[in-house]
Amino acid sequence: MDWDNLRYFAALAAGGSLSAAARMLGVEHATVARRIAALEAELDLKLVDRRARRLTLTPDGERIAAIAARMEQETQAARRTASGARATLSGTVTISAPPALAAALLAPPLVALRDKHPSLAIHLHGELREASLDRREADIALRLSRPTAGDLTIRKIAEMVFRFYAAPNYLKAAKRKERRYIGYIGAMQQSPLQRLVDRSGGSKPSGFASPMLEIHQALARAGAGLTLLPDFMAANDKALVAVKGTETLTRDLWLVTHTDMNMSAPIRAVTQALTQWFEAPERLIR
119 MDWDNLRYFA
129 ALAAGGSLSA
139 AARMLGVEHA
149 TVARRIAALE
159 AELDLKLVDR
169 RARRLTLTPD
179 GERIAAIAAR
189 MEQETQAARR
199 TASGARATLS
209 GTVTISAPPA
219 LAAALLAPPL
229 VALRDKHPSL
239 AIHLHGELRE
249 ASLDRREADI
259 ALRLSRPTAG
269 DLTIRKIAEM
279 VFRFYAAPNY
289 LKAAKRKERR
299 YIGYIGAMQQ
309 SPLQRLVDRS
319 GGSKPSGFAS
329 PMLEIHQALA
339 RAGAGLTLLP
349 DFMAANDKAL
359 VAVKGTETLT
369 RDLWLVTHTD
379 MNMSAPIRAV
389 TQALTQWFEA
399 PERLIR
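Each step along the sequence shown adds one to the number in the working numbering, with nothing skipped, and position 61 is 179.
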């Protein structure tokens with residue numbers, strides 16, 4: 119059955135005429151007449167007595183009209199419920215992101231979103247591993263590598279530029295051939311960052327290595343050597359300067375959700391807030 123035909127019939131019953139129903143629905147009266155005829159054919163019932171100048175409902179029509187009216191009321195109730203859910207979001211949304219990115223960039227958009235929706239709870243995990251969206255370890259993931267498996271919705275939201283930074287005093291004291299490079303280990307040992315470190319000066323390690331960008335930044339500030347950091351961390355760090363004449367690396371930032379969860383209003387709200395924030399032209403990540 120075409121449920122839309124019932125909606126047209128409910129409007130006819132409420133308005134009392136084809137023209138009144140047409141005005142209520144914003145359509146031509148011929149459309150209403152065609153829909154009513156289609157409903158009668160579907161039900162194999164005569165619903166409207168057309169012999170008089172004013173249409174009247176048959177006894178069967180009265181019964182169907184009552185059912186249609188209840189359905190219309192329930193439909194409107196569902197719309198109101200959905201509208202209310204959108205207006206006052208609630209529930210918990212878990213986000214997984216690289217630690218440095220989570221700490222440096224995610225707080226402003228997430229705090230602003232929660233100010234609008236106090237019933238929304240946000241759990242933010244800064245982690246180097248890739249949380250499983252299939253196992254609901256996270257609802258939303260921000261990743262620097264595009265996922266290749268799983269029923270996922272994937273969107274590129276930014277480009278992050280990495281370049282070599284060092285303390286000014288270190289660069290003055292160390293000749294170019296003597297510069298040392300802070301390495302990446304653990305989960306980051308096979309990353310594009312470490313490959314660039316290897317190409318640039320892997321034969322001259324500084325004696326320091328870490329998987330954490332925050333530790334790299336601290337070591338570089340203390341004069342341990344050159345480190346590869348994203349601009350959003352180091353560009354405004356007065357204790358560091360970008361090293362001229364070195365190669366840069368651009369990495370895409372992907373926002374990932376499980377496709378099954380895309381209808382969740384809280385998850386949609388968070389993904390929209392993050393996307394809008396990252397796509398703002400003033401961000402130091404592109």
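For each residue, glycine too, the CB sits at the ideal point set by N, CA and C.
Query - For Leu-238, the nearest candidate out of Ser-382, Thr-393, Thr-271, Phe-396 (CA to CA) - result: Position 120 of the sequence shown holds residue 238. With distances taken between Cα atoms, Leu-238 lies closest to Ser-382.
Query - Candidates Ala-225, Asp-252, Lys-234, Arg-247: closest to His-241 by CA position - result: Translated into positions along the sequence shown, residue 241 becomes position 123. Ranking the options by Cα distance to His-241, first place goes to Ala-225.
Requested in this report: Could you tell me how far apart the beta carbons of Ile-300 and Leu-344 are, in whole angstroms, since I believe they sit closer than 8 Å?
Outcome: On the sequence shown, position 182 is the one that residue 300 refers to. On the sequence shown, position 226 is the one that residue 344 refers to. Contact holds; Cβ gap of about 7 Å.
Requested in this report: Only counting runs of 3 or more residues, tell me where the beta strand (DSSP E) segments fall wholly within the region 184 to 261, in order along the chain.
Outcome: 209 to 215, 238 to 244, 258 to 261
Query raised in the report: Looking only at C-alpha atoms, which of Leu-124, Lys-234, Ala-155, Val-211 sits nearest to Ile-185?
Result: Along the sequence shown, read from residue 1 onward, the residue named residue 185 stands at position 67. Taking only the C-alpha atoms, the option nearest Ile-185 is Leu-124.
Query raised in the report: Which parts of the region 313 to 338 are runs of the beta strand (DSSP E), unbroken and 3 residues or longer, counting only runs that do not cross its ends?
Result: 323 to 327
Query raised in the report: Looking only at its own chain, which residues have a Cβ that is under 6 Å from the Cβ of Leu-407, when we skip the five neighbours before and after it?
Result: Since the displayed the chain opens at 119 and closes at 404, residue 407 lies outside it and no answer follows.
Query raised in the report: Buried or exposed: which applies to Asp-257, given that a residue is buried once 16 or more other Cβ atoms fall within 10 Å of its Cβ?
Result: Against the sequence shown, residue 257 aligns to sequence position 139. Answer is buried; the Cβ neighbour count reaches 16.
Report task. Rank Met-351, Ala-357, Leu-260 by C-alpha distance to the C-alpha of Asn-287 and give the top, closest one. Result -> Numbered from 1 along the sequence shown, position 169 holds the residue referred to as residue 287. The candidate whose alpha carbon is nearest that of Asn-287 is Ala-357.
Query raised in the report: How long is the line joining the alpha carbons of Val-145 and Ser-309, rounded to whole angstroms?
Result: Taking the first residue of the sequence shown as position 1, residue 145 is located at position 27. Taking the first residue of the sequence shown as position 1, residue 309 is located at position 191. Looking at the two C-alpha atoms, the distance is approximately 60 Å.
Query - Sheet register partners of Pro-348 (DSSP bridge) - result: Taking the sequence shown and counting its residues from 1, the one referred to as residue 348 is at position 230. Paired residue(s): Phe-280.
Query raised in the report: Is Gly-363 helix, strand or coil by DSSP?
Result: Along the sequence shown, read from residue 1 onward, the residue named residue 363 stands at position 245. If DSSP states are grouped into helix, strand and coil, Gly-363 belongs with coil.
Requested in this report: Assuming Leu-289 and Val-361 form a contact by the criterion Cβ under 8 Å, report the distance between their Cβ atoms to the nearest whole angstrom.
Outcome: The residue labelled residue 289 in the question sits at position 171 within the sequence shown. The residue labelled residue 361 in the question sits at position 243 within the sequence shown. Sure, about 7 Å apart at Cβ, within 8 Å.
Report task. Determine, using beta-carbon pairs with one atom in the region 312 to 328 and one in the region 368 to 381, whether at least three such pairs fall under 8 Å. Result -> no
Query - Cβ-based neighbour list, Glu-397, same chain, cut-off 8 Å, excluding 5 preceding and 5 following - result: Translated into positions along the sequence shown, residue 397 becomes position 279. Taken in chain order, the residues that qualify are Ile-275, Ala-276.
Requested in this report: Have a look at Asn-354 and Trp-121 and give me their C-alpha separation to the nearest angstrom.
Outcome: On the sequence shown, position 236 is the one that residue 354 refers to. On the sequence shown, position 3 is the one that residue 121 refers to. So the alpha carbons of these two residues sit roughly 60 Å apart.
Query raised in the report: Any idea what DSSP makes of Ile-303, helix, strand or coil?
Result: Within the sequence shown, residue 303 is the residue found at index 185, counting from 1. Ile-303 falls in the coil class under three-state DSSP.
Query raised in the report: In terms of residues, what are the limits of the alpha helix (DSSP H) holding Glu-160?
Result: In the sequence shown, counting from the first residue as 1, residue 160 sits at position 42. That run of the alpha helix (DSSP H) goes 147 to 161.
Requested in this report: On a CA-only basis, which of Pro-216, Arg-264, Arg-281 is nearest Arg-273? Give me that one, please.
Outcome: The count along the sequence shown starts at 1 and reaches residue 273 at position 155. That would be Arg-264, whose Cα lies nearest to the Cα of Arg-273.
Query raised in the report: Roughly how many whole angstroms lie between the Cα atoms of Arg-404 and Ala-222?
Result: In the sequence shown, residue 404 corresponds to position 286, counting from 1. In the sequence shown, residue 222 corresponds to position 104, counting from 1. Low per-residue confidence applies at Arg-404: pLDDT is 49, beneath 50, and the placement is therefore not dependable, though the value from the model is reported in the following sentence. Near 15 Å, if we compare the C-alpha coordinates of Ala-222 and Arg-404.
Query raised in the report: How would you label Gly-363, buried or exposed, when you count the other beta carbons within 10 angstroms and need 16 or more for buried?
Result: As a position in the sequence shown, residue 363 is number 245, starting the count at 1. Label assigned to Gly-363: exposed.
Query raised in the report: Can you name, in chain order, every residue of its own chain whose Cβ lies under 6 Å from the Cβ of Ala-129, other than the five neighbours on each side?
Result: Locating residue 129 in the sequence shown gives position 11, counting from the first residue. These residues qualify, in order along the chain: Ala-139, Met-142, Leu-143.
Query - According to DSSP, residues forming a beta bridge with Lys-274 - result: Residue 274 sits at position 156 when you count from the first residue of the sequence shown. In the DSSP output, where bridge partners are listed per residue, Lys-274 has Trp-372.
Query raised in the report: Taking 7 Å as the cut-off, does the CB of Ser-250 come closer than this to any heavy atom belonging to the ligand ADP?
Result: Of the ligands one can find in the structure shown there are none, so the ligand ADP has no counterpart to examine.
**Report entry** Straight-line Cα distance separating Thr-368 from Ala-336
**Finding:** Indexing the sequence shown from 1 puts residue 336 at position 218. Indexing the sequence shown from 1 puts residue 368 at position 250. When rounded, the distance between both Cα atoms is 22 Å.
Query - DSSP-derived helix/strand/coil call for Thr-174 - result: Along the sequence shown, one-based indexing puts residue 174 at 56. Note: Thr-174 maps to strand in three-state DSSP.
Query raised in the report: Which partner residues of Ala-166 appear in the DSSP bridge assignment?
Result: Locating residue 166 in the sequence shown gives position 48, counting from the first residue. Note on residue identity: the sequence assigns Val, not Ala, to residue 166. Paired residue(s): Leu-175.
Query raised in the report: The alpha helix (DSSP H) with Ser-135 in it runs from where to where?
Result: Position 17 of the sequence shown holds residue 135. Neither: Ser-135 is in no alpha helix (DSSP H) and is coded neither H nor E.
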